[in-house]
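> Dumping the structure here so I can ask a few things about it.
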Amino acid sequence: MAKATTKTAEIAKEVTAQKKNEAQADTTMEFVNKLINKGEEVKPAPQKVEVTVNDKKLKLACRIIPDNCTDTYTNSFTVPVEEKDVKVFYGKGGGVLSASLYVDGKLEYSGVSMQGIFAIVQALFEVDKLTTDRLYIASNVNRKKPPQANKAIESASTENQ
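Residue numbers for the sequence shown follow the numbering used here, beginning at 29 and rising by one.
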């Protein structure tokens, strides 16, 4: 009987430790300013890298934000993928935009251009690049928005009245 109680206590400790690790993983997801390819860091980071994702060869532009940037900001968005938790974290500094891709809490790719992230998401999950781009635009309050055509139309209609 004592052995069964000890075994139950050990299992409870393991479950608690696993939940604690999962909670810590959730809070540590952030933009990572290193080149990561399929979970492995690549040193030194090249300008471009070719990766194969689901039998598709992708040429990705590598982007690392310089360490001395004082104008850096970060942000994130979630890509709706069935049965997967797909998050994109990105940072911009010194005129360089770089992104990190997490799948189910695990860092898979980082130090990649946003266009590269769009291509990876499309190859991995068949999510259209335009969909991912729209999610990025919606998440980024600092992104320059194109001028709206409505203002020109409004001024033209006001002149006609």
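Beta carbons: idealized from backbone N, C-alpha and C, even for Gly.
Buried or exposed: residue 93, going by 16 or more other Cβ atoms within 10 Å of its Cβ?
buried
> Can you say whether residue 118 is buried or exposed, counting buried as having 16 or more other CB atoms within 10 angstroms of its CB?
buried
> Could you tell me which of 116, 147 and 156 sits nearest to residue 102, measuring between CA atoms?
116
> Spatial neighbours of residue 140 within its chain, please: CB distance less than 6 Å, with the 5 preceding and 5 following residues excluded, ordered by chain position.
88 and 127
> Can you name, in chain order, every residue of its own chain whose Cβ lies under 6 Å from the Cβ of residue 29, other than the five neighbours on each side?
Low local confidence applies: a pLDDT of 49 at residue 29 is under 50, so the model's placement there is unreliable, with the coordinate-based value given in what follows. There are no such residues.
> So residue 146 and residue 132 are in contact, right, with Cβ under 8 Å, and what is the actual spacing, rounded?
About 20 Å; that fails the 8 Å criterion.
> Return the CA-CA distance between residue 108 and residue 129, expressed in angstroms with no decimal places.
13 Å
> Around the Cβ of residue 144, are there at least 16 other Cβ atoms within 10 angstroms (buried) or fewer (exposed)?
buried
> Tell me where the beta strand (DSSP E) around residue 167 begins and ends.
That residue, residue 167, is in no beta strand (DSSP E); its alpha helix (DSSP H) goes 157-167.
> Distance check for residue 65 and residue 190, CA to CA, integer angstroms please.
No answer is possible for residue 190: it lies beyond the span of the chain, which begins at 29 and ends at 189.
> Which same chain residues, not among the five before or five after residue 150, have their C-beta less than 7 Å away from its C-beta?
156 and 157
> So, with DSSP's three-state summary, where would you put residue 116?
strand
> Let me confirm a value: residue 61 is counted as buried when at least 16 other C-beta atoms fall within 10 Å, else exposed. Which label applies?
buried
> Residue 151 lies in the beta strand (DSSP E); which residues open and close that run?
Note, residue 151: premise wrong, no beta strand (DSSP E); alpha helix (DSSP H) at 142-153.
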